[in-house]
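Here the structure is laid out as structure tokens; the discussion comes afterwards.
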Amino acid sequence: MLEQAGCTVEVPRTQTCCGQPAYNSGDRADTKAIAKQVLDAFEGYDHVVVPSGSCAGMIRVHYPELFADDPAVLPRAERFGARVWELVSFLVDICGMHAVTTRWDHRVTYHDACSGLRELGVKDQPRLLLASVGGLTLKEMSGAEICCGFGGTFCVKYPDISDKMVSDKAAEIVGTGAEAVLAGDLGCLLNIAGKLQRHGRPVEARHVAEVLAGTTEDASPIGVPR
Amino acid sequence: MLATSRTFEANARTGLANPILQQALSLMQSGFPQRRRLAVERLPEFEALREIAESIKDHTLEHLDFYLELFEENVIASGGQVHWARTPDETRAVVLQVCRSVGAKIVTKGKSMIAEEVGLNDYLEQNGITPVETDLGEYIIQLRHEPPSHLIAPAIHLMKEQVADTFRAEHRSLDPARSLAEARQLCDEARAVLRPQFLAADVGITGANFLVAETGSSIIVTNEGNGDLTQTLPRVHIVMTSLEKLVPTLEDAATLLRLLARSATGQEFSAYTTISTGPRRAGDLDGPEQYHVVLLDNGRSALLGGEFQDMLRCIRCSACMNHCPVYAAVGGHAYGWVYSGPMGAVLTPSLIGISKAGHLPNASTFCGRCESVCPVKIPLPKMMRHWREREFTEKLNPPVYRAGLFLWAWVAKRPALYHALVELASRVLGWIGRGRGRFRTLPLANGWTAVRDMPTPEGRSFHSLWAERRKDGAGR
Numbered sequence: 001m002l003e004q005a006g007c008t009v010e011v012p013r014t015q016t017c018c019g020q021p022a023y024n025s026g027d028r029a030d031t032k033a034i035a036k037q038v039l040d041a042f043e044g045y046d047h048v049v050v051p052s053g054s055c056a057g058m059i060r061v062h063y064p065e066l067f068a069d070d071p072a073v074l075p076r077a078e079r080f081g082a083r084v085w086e087l088v089s090f091l092v093d094i095c096g097m098h099a100v101t102t103r104w105d106h107r108v109t110y111h112d113a114c115s116g117l118r119e120l121g122v123k124d125q126p127r128l129l130l131a132s133v134g135g136l137t138l139k140e141m142s143g144a145e146i147c148c149g150f151g152g153t154f155c156v157k158y159p160d161i162s163d164k165m166v167s168d169k170a171a172e173i174v175g176t177g178a179e180a181v182l183a184g185d186l187g188c189l190l191n192i193a194g195k196l197q198r199h200g201r202p203v204e205a206r207h208v209a210e211v212l213a214g215t216t217e218d219a220s221p222i223g224v225p226r
Numbered sequence: 227m228l229a230t231s232r233t234f235e236a237n238a239r240t241g242l243a244n245p246i247l248q249q250a251l252s253l254m255q256s257g258f259p260q261r262r263r264l265a266v267e268r269l270p271e272f273e274a275l276r277e278i279a280e281s282i283k284d285h286t287l288e289h290l291d292f293y294l295e296l297f298e299e300n301v302i303a304s305g306g307q308v309h310w311a312r313t314p315d316e317t318r319a320v321v322l323q324v325c326r327s328v329g330a331k332i333v334t335k336g337k338s339m340i341a342e343e344v345g346l347n348d349y350l351e352q353n354g355i356t357p358v359e360t361d362l363g364e365y366i367i368q369l370r371h372e373p374p375s376h377l378i379a380p381a382i383h384l385m386k387e388q389v390a391d392t393f394r395a396e397h398r399s400l401d402p403a404r405s406l407a408e409a410r411q412l413c414d415e416a417r418a419v420l421r422p423q424f425l426a427a428d429v430g431i432t433g434a435n436f437l438v439a440e441t442g443s444s445i446i447v448t449n450e451g452n453g454d455l456t457q458t459l460p461r462v463h464i465v466m467t468s469l470e471k472l473v474p475t476l477e478d479a480a481t482l483l484r485l486l487a488r489s490a491t492g493q494e495f496s497a498y499t500t501i502s503t504g505p506r507r508a509g510d511l512d513g514p515e516q517y518h519v520v521l522l523d524n525g526r527s528a529l530l531g532g533e534f535q536d537m538l539r540c541i542r543c544s545a546c547m548n549h550c551p552v553y554a555a556v557g558g559h560a561y562g563w564v565y566s567g568p569m570g571a572v573l574t575p576s577l578i579g580i581s582k583a584g585h586l587p588n589a590s591t592f593c594g595r596c597e598s599v600c601p602v603k604i605p606l607p608k609m610m611r612h613w614r615e616r617e618f619t620e621k622l623n624p625p626v627y628r629a630g631l632f633l634w635a636w637v638a639k640r641p642a643l644y645h646a647l648v649e650l651a652s653r654v655l656g657w658i659g660r661g662r663g664r665f666r667t668l669p670l671a672n673g674w675t676a677v678r679d680m681p682t683p684e685g686r687s688f689h690s691l692w693a694e695r696r697k698d699g700a701g702r
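Chains as they are written, first to last, in the numbering used here: chain A, 1 to 226; chain B, 227 to 702.
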């Protein structure tokens, strides 16, 4: 999709993680070390595109906060953060993509992942592109903006609470009658897919980009064997 | 009040397993947020008001010493008294002393979170004074000997059937065959029981939603009118409050009031908004003979100038808990102290210590819904993260968690090793799980697999697939 939009894409091998697990665990020293590694790996590019809203939000919103007391790095973090985007919002807001030419004959529902929605304003962009997918019907959940209960380490630190949240989410997804749930965040998708499957619900979980790019034939839905 | 925040996990499980609580919470989840949204839609300047409210509160906190002294000066000028209380002990002592000075037997109370914070009711009872809660929700939980589970709806954990059972058990002089099936009947009964208490009370205690420095006034909002009866009928009115309730002017209070009810219940304004300035003056038709303001600090002033100062902007509207998916799952009692939900997760560790309340700022997914609805724009997730930073610095997290984090970070700082391990894990897990596509159990991942399956990796990492694609000359 990025190449179709006219971008030259590179995936640096010097990257690892954005550092969010350390950041949200209160470990600022390791977060800073990992964040500097991200700055070094990506600083030379015009834009950095991330297929998960929470990782993009970490870099764009939280790196400047992380280095707020570090005048040597702060300007770099701010300049860099402003060029970091969640994938679908990059395609729509920066590349000016307003439609795709793919087809997927499915009834789907879309989960608004929290960081993408509230930190980056990702709401209308995926819906705009999904509306152009041939054969696709979007059935909205009333609680599309409510957290699925993933929350990084939260889901294993407080499994009972996480279970209640993801059970509610799964019930709402099933209630829409959708055949697939789409989202733009991998943590949420892993959580939602795992819950739907634990309860034997025949709803596919997929990253929204798979549908927009027309690559659903290339990979099975999350948690389904090839 | 004795804190049980340390056993948050067990408290949460109790809440999750309580069908009545779950029914009540699911009603709350659809009610409050929906009504707030409609109220906000009807007020085009709502977002602008949030900015103004934030700056009013920030300005006050920056000059809190000045406004506190101005407030005291104006309370004295209007004939009242201000009592400065550093601790819950001092607060209880000064309230008891005022009550004893007028030989009080019965004390009526409007809703006051500060009274909850210092455990006033038990203390008054131990000293031979009967406190009577007059807010319906507070009255119900007083009868049930329970702490509040919500800032503005303290009995929200109950359905009307539990209230009826409680009234039947406690109002023993009434006809046991009476009907208590309807909410209206419950309200009428509480009203009938409370009315003589309002008239008999020697002292009335209320909280304050705002304190106004320029006039020395306290402001309360209620929907039941109980606050007005509590503060005007008895001879003595005691306002139990804390120092961050202060605003400079009546105009500022009016701005905040425009946000308060809309954020809380979705009302434009609460049914009653009452401004009290000093005791009854000559020629006044009603009002108390004495007007006391007890100003509790309890660790709040220590937050000034630090990373938790923004928390002192809180106007106790409850929007954060009304929109919190964790609160909606476990209810307010799980938090184990007076304050619950996101505001409690930040404030409770500030007031009783992070070592006792460490779970609260951890039990959040950082979904950010609380911050997005906060009328004074408190960055609640950020401050919960600050608590986690304190915890990490003071080595309060479980050793296993710290070890896991250390190991993960050590690998994440070594890209070549990281990629090798990701590739290895993808291949091994992908191969083992190739038949089912997911795992029902996984070593070291019980927190995940106890409640949901773990999808199997695709068998190759993205980086290795990408490298292969490049080598094959696909793409460009």
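Glycine included, each C-beta is placed from N, C-alpha and C at the ideal position.
query: Integer-rounded CB distance, given that T682/B should sit under 8 Å from R666/B; result: Not confirmed; about 11 Å, so no contact.
query: Residues near F592/B by beta carbon distance below 8 Å, same chain, minus five either side; result: P607, M610, R611
query: Chain A contact for R660/B (CB, 8 Å cutoff); result: yes
query: Any C-beta of chain A under 8 Å from that of M680/B; result: yes
query: Which of helix, strand or coil DSSP assigns to R664/B; result: strand
query: A238/B - partner residues in DSSP beta bridges; result: DSSP lists no partner for A238/B.
query: First through last residue of the beta strand (DSSP E) which encompasses A180/A; result: 180 to 183
query: Backbone CA spacing between L186/A and Y553/B [nearest angstrom]; result: 25 Å
query: Short CB-CB distance (under 8 Å) between P551/B and chain A; result: yes
query: Proximal residues to S496/B (C-beta, below 7 Å), its chain only, five neighbours per side dropped; result: V447, T448, N449, A487
query: Contact set between Y644/B and chain A, taken where Cβ atoms lie within less than 8 Å; result: T16, C17
query: 7 Å Cβ cut-off: residues of chain A touching S598/B; result: R118
query: At least 3 beta-carbon pairs within less than 8 Å: the region 67 to 83 of chain A vs the region 673 to 691 of chain B; result: no
query: Within-8 Å CB hit, A676/B to chain A; result: yes
query: Under 7 Å by beta carbon: chain B residues contacting S25/A; result: R614, F618, L631
query: Alpha-carbon to alpha-carbon, D124/A and L275/B; result: 26 Å
query: Nearest candidate by alpha-carbon position, reference R206/A, set T153/A, A180/A, V92/A, A144/A; result: A180/A
query: Alpha-carbon spacing of E470/B relative to S281/B, whole angstroms; result: 14 Å
query: Exposure label - V572/B; buried when at least 16 CB within 10 Å; result: buried
query: A170/A versus C188/A - alpha carbon distance; result: 11 Å
query: Assumed close pair A35/A, G53/A - CB separation to whole angstroms, cut-off 8 Å; result: At roughly 18 Å, the Cβ-Cβ gap does not stay under 8 Å, so A35/A and G53/A are not in contact.
query: For T503/B, the three-state DSSP class (helix, strand or coil); result: coil
query: Rounded straight-line distance, which links the Cα of G567/B to that of G558/B; result: 7 Å
query: DSSP-derived helix/strand/coil call for Q516/B; result: strand
query: Residue-chain proximity (R206/A, chain D), Cβ-Cβ < 8 Å; result: Of the chains in the structure shown, none is chain D; the protein chains are A and B.
query: Residues within the region 165 to 178 of chain A neighbouring chain B, beta-carbon criterion of under 7 Å; result: M165, V166
query: C-beta atoms of M254/B and N548/B nearer than 8 Å; result: yes
query: L437/B - containing alpha helix (DSSP H), residue span; result: No alpha helix (DSSP H) contains L437/B, which is instead part of the beta strand (DSSP E) from 436 to 438.
query: Presumed contact (8 Å Cβ cut-off) between I192/A and V166/A, rounded CB distance; result: 7 Å
query: Cβ of G701/B within 8 Å of any chain A Cβ; result: Since pLDDT at G701/B reaches only 48, below the 50 mark, its modelled position is unreliable, and no value is offered.
query: Cβ-based contacts, 8 Å cut-off: residues of the region 228 to 246 of chain B near chain A; result: E235, A238, R239, L242
query: Chain A within 8 Å of C593/B, Cβ atoms only; result: yes
query: Chain A within 8 Å of V556/B, Cβ atoms only; result: yes
query: Short CB-CB distance (under 8 Å) between A180/A and chain B; result: no
query: Beta-carbon spacing of I580/B, E617/B below 8 Å; result: yes
query: Buried or exposed by the 16-neighbour rule on C-beta atoms within 10 Å, applied to E267/B; result: exposed
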